[in-house]
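K.L.:
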Amino acid sequence: MKTLKFLFIIGCSITLFVIIDHAAAARSTKRAKRDPCGQNELNQMDKLISNILPFNNPKVLPPETIEGIPQFCLHYGDVLTKIESLNKRCMKETQRNVIAVMIYNIKQSTRGICSKKAIQSKKLTPAKKNFLQMNRCINGGSQQLKKCSETAAGYLTAIEKVSKTQRIPMLCCEMIKARECFHNAIRSAPNCNTAEFDKTLAEIVKSVSNGGDSQLRSICGDYTTKQRCSKVKLPKRQTPKDQKSFIQTALHLLEDL
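Numbering (mature numbering (1 follows the signal peptide of the UniProt record, and there is no 0)) for the sequence shown: -25 to -1, 1 to 232.
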């Protein structure tokens, strides 16, 4: 299940769900002052983060065969090292702490796939089998996932421009919409819209939450259900900023709340 949790985080909800889920804890951590990242460094971080989203870069799609796992692990290991280095150097406090949580989750969740022992073994373990199965669903739904990403980017760009008192309900409700969009996109792939897969996906969502529901409620209050969000009118979607990934926009919103 850790493997499935990893794929879900990097492929779907890392973009919004995990960011908001851990924001309360992240804000409470005190760090030493440092110079903030300049625009060039922010652009570099944006590009690096986009490289861990499997639907953003067709050159780094998750492997569907066991032979492709070593190269996958090499790529993600390199990208995560660069993200971690840049994150520690100059990202703002909330952004830095949230990114650190994401990096930790990914590293913990890839141990059964990307450890030296796992890479050397050619055995198709249950972890590897689940990993490859989820990859097929992500790859098969990649176009829909990309549309979900672009839609969320447009709304986040618009939410940035509203008053701070309105941002939390809008951000939380957009999270609900985006999460559902990502789930449906994965289910749209061949052989992924089954009762068995829905059960697995529900377990993944529960696994990703990992006790974070209370943190989510501490930020979003009642705005964690479709019923409550039906009363929240989102601003008109705008053209996304010139970014590789909209995670940066979400992080900026959290920093500015």
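Virtual Cβ for every residue (Gly too), placed ideally from N, Cα, C.
From the DSSP output, in three-state form, read off Asp173 for me.
P.N.:
helix
K.L.:
Can you have a look at Leu28 and say buried or exposed, based on whether 16 or more other CB atoms are within 10 angstroms of its CB?
P.N.:
buried
K.L.:
So, with DSSP's three-state summary, where would you put Val207?
P.N.:
coil
K.L.:
Which term fits Arg154, buried or exposed, when burial requires 16 or more other beta carbons within 10 angstroms of its beta carbon?
P.N.:
buried
K.L.:
For the alpha helix (DSSP H) containing Cys148, name the first residue and the last one.
P.N.:
139 to 162
K.L.:
Counting pairs of beta carbons, one from the stretch 78 to 87 and one from the stretch 125 to 141, are three or more of them closer than 8 Å?
P.N.:
The stretch 78 to 87, when compared against the stretch 125 to 141, does not touch it at the 8 Å Cβ threshold.
K.L.:
If we call anything under 9 Å between Cβ atoms a contact, is Ile161 one with Gly116?
P.N.:
Taking 9 Å as the Cβ cut-off, Ile161 and Gly116 qualify as a contacting pair.
K.L.:
Report yes or no: do the stretch 42 to 52 and the stretch 199 to 211 share at least 3 C-beta pairs separated by less than 8 Å?
P.N.:
no
K.L.:
Within 10 Å of its beta-carbon, does Val73 have 16 or more other beta-carbons around it, so buried, or fewer, so exposed?
P.N.:
buried
K.L.:
In whole angstroms, what separates the C-alpha of Ala164 from that of Lys104?
P.N.:
17 Å
K.L.:
Between Leu61, Lys82, Lys136, which has its C-alpha nearest Pro215's C-alpha?
P.N.:
Lys136
K.L.:
Could you check whether Asp21 and Gln223 sit closer than 9 Å to each other, using their CB atoms as the reference points?
P.N.:
yes
K.L.:
Quick check: what's the CA-CA separation for residue 233 versus Thr85?
P.N.:
Lying outside -25 to 232, the shown extent of the chain, residue 233 is not represented and no answer is given.
K.L.:
Please name the residue, chosen from Thr69, Ser90, Arg64, Ser96, that lies closest to Tyr51 on a Cα-to-Cα basis.
P.N.:
Ranking Thr69, Ser90, Arg64, Ser96 by Cα distance to Tyr51 puts Ser90 first.
K.L.:
Gln95 to Ala102, Cα distance in whole Å?
P.N.:
15 Å
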